[in-house]
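J.: Under my numbering, the first residue of the sequence shown is numbered 713, with each subsequent residue one higher.
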Amino acid sequence: MAKKKFLLVANWKMNPKTPKEVGRFFAVCKKAQIPKNVDVVIAPPFPFLAYARPTKKIALGAQDVFWEPEGSYTGEVSGSMLKNIGVSHVIIGHSERRRYQGETDEVVNKKVHHAFKMKLTPIVCVGETSRDGDGAFFAVIKSQLTWALAKISRRDISRVVIAYEPIWAIGTGKPAKPGDANEAALFIKKIIADMHNSRTAKKVRVLYGGSIDPHNAASFLWEQEITGLLVGKESRDPKSFLNILQCSLLTS
Ligand code: PGA
713 MAKKKFLLVA NWKMNPKTPK EVGRFFAVCK KAQIPKNVDV VIAPPFPFLA
763 YARPTKKIAL GAQDVFWEPE GSYTGEVSGS MLKNIGVSHV IIGHSERRRY
813 QGETDEVVNK KVHHAFKMKL TPIVCVGETS RDGDGAFFAV IKSQLTWALA
863 KISRRDISRV VIAYEPIWAI GTGKPAKPGD ANEAALFIKK IIADMHNSRT
913 AKKVRVLYGG SIDPHNAASF LWEQEITGLL VGKESRDPKS FLNILQCSLL
963 TS
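#1: Starting from Tyr-812, follow its DSSP beta bridges and name the residues at the other end.
#2: Given Lys-886, which residues of its chain have a CB within under 7 angstroms of its CB, disregarding the five upstream and five downstream residues?
#3: Apart from the five residues just before and just after Lys-795, which ones in its own chain have a Cβ nearer than 7 angstroms to its Cβ?
#4: From the DSSP secondary-structure annotation, give me the bridge partner or partners of Ala-771.
#5: Go through its chain and collect everything with a Cβ distance to Gly-891's Cβ below 8 angstroms, but skip five positions before and after it.
#6: Are there 16 or more other CB atoms within 10 angstroms of the CB of Gly-847, so buried, or fewer, so exposed?
#7: Could you pull out every unbroken beta strand (DSSP E) segment of at least 3 residues lying fully inside the segment 830 to 865, listed in chain order?
#8: Can you tell me where the beta strand (DSSP E) holding Ser-800 begins and where it ends?
#9: Give the straight-line distance between the Cα atoms of Lys-768 and Gly-814, rounded to the nearest whole angstrom.
#10: Looking at the structure shown, is Arg-871 part of a helix, part of a strand, or coil, going by DSSP?
#11: If I follow the unbroken alpha helix (DSSP H) through Asn-955, where does it start and stop?
#12: Please list the terminal residues of the continuous beta strand (DSSP E) segment that includes Ala-762.
#13: Does Val-789 come out as helix, strand or coil in the three-state DSSP assignment?
#14: Check this for me: beta carbons of Gly-940 and Leu-772, under 9 angstroms apart or not?
#15: Should the segment 800 to 812 be called in touch with the segment 732 to 749, which here means at least 3 C-beta pairs below 8 angstroms?
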């Protein structure tokens, strides 16, 4: 089997409080050895993007983007603005935005289109609120995914990153079972294969997110269909995040 190239994304959410802490994080990471088989993306909040110090090994991500390139949209940030300050990835449709900002599937789709237009890599979040025994949550994943990727070209789809983040596992300290996350990742690839073809689906990176920590990270990376992690709380402390990064060495 070909070696996997993992993608580890740090989603800092509305943290930290000061630019100084951002500087400290990047200073610690700069000194650290980043494993060769991992791509790293750090997504600080908008005001701190300019304080981040991306390197060849550490790319910069944003936590959101608006779908218009410019204009009278108070409070919004466009993809070209992000691109112009060195951002390469953008998280779209995180469940917290769907919940607190009322972000709909239609909005998520517009943002994915805009991201590709601006040559940003979208990291699209999907995931069910709760897991029922009958597997109805599969329909939720399918619907979110189909909406998010509607009318996206095959070429672009092969570059999309999907983060499977079951909402019940986010910030609860109760991650999904690695096998269940793997099954969801396989399901996601099957939907993309049905929308396009299996060659395209194989190229799509599927991440798992929800209560990842240095102790459980490796068990997810071992799973065949999972090519990376979206890490919230445990990505804010550089030591903890670097420990998660090291887990990818165990699994290669
Ligand atoms: P968590 O958050 O790692 O704190 O559970 C993950 C996320 O919301 O992306």
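Every residue, glycine too, gets a C-beta built ideally from N, C-alpha and C.
Keep in mind the model is a prediction, meaning the values are calculated, not measured.
T.: Taking the geometry as given:
#1: Here residue 812 corresponds to residue number 100 of the sequence shown, with the count starting at 1. Partner(s): none; Tyr-812 has no beta bridge.
#2: Within the sequence shown, the letter at position 174 stands for residue 886. Closer than 7 angstroms at Cβ, skipping near neighbours: Ser-923.
#3: Position 83 of the sequence shown, counting from 1, holds the residue named residue 795. Excluding sequence neighbours, Lys-795 sits near Met-830, Lys-831, Leu-832.
#4: What you label residue 771 is simply residue 59 of the sequence shown in a count that begins at 1. Partner(s): Val-753.
#5: Within the sequence shown, residue 891 is the residue found at index 179, counting from 1. Contacts found: Glu-935.
#6: Working through the sequence shown from its first residue, we reach residue 847 at position 135. The residue is exposed, with fewer than 16 neighbouring Cβ atoms inside 10 Å.
#7: 833 to 838
#8: Within the sequence shown, the letter at position 88 stands for residue 800. Here the beta strand (DSSP E) through Ser-800 covers 799 to 804.
#9: For the purposes of this step, residue 768 is taken as residue 56 along the sequence shown, with counting starting at 1. For the purposes of this step, residue 814 is taken as residue 102 along the sequence shown, with counting starting at 1. Approximately 36 angstroms, taken between the alpha carbons.
#10: The sequence position of residue 871 within the sequence shown is 159, counting from 1. Coil, per DSSP.
#11: As a working mapping, residue 955 is identified with position 243 in the sequence shown. Residues 950 to 962.
#12: Taking the sequence shown and counting its residues from 1, the one referred to as residue 762 is at position 50. Premise fails: Ala-762 is in no beta strand (DSSP E) and is neither H nor E.
#13: Stepping through the sequence shown from its first residue, residue 789 is reached at position 77. Looking at Val-789 - three-state DSSP - the assignment turns out to be coil, as it is neither helix nor strand.
#14: Residue mapping note: residue 940 aligns to position 228 of the sequence shown, counting from 1. Residue mapping note: residue 772 aligns to position 60 of the sequence shown, counting from 1. Not closer than 9 angstroms, so no.
#15: no
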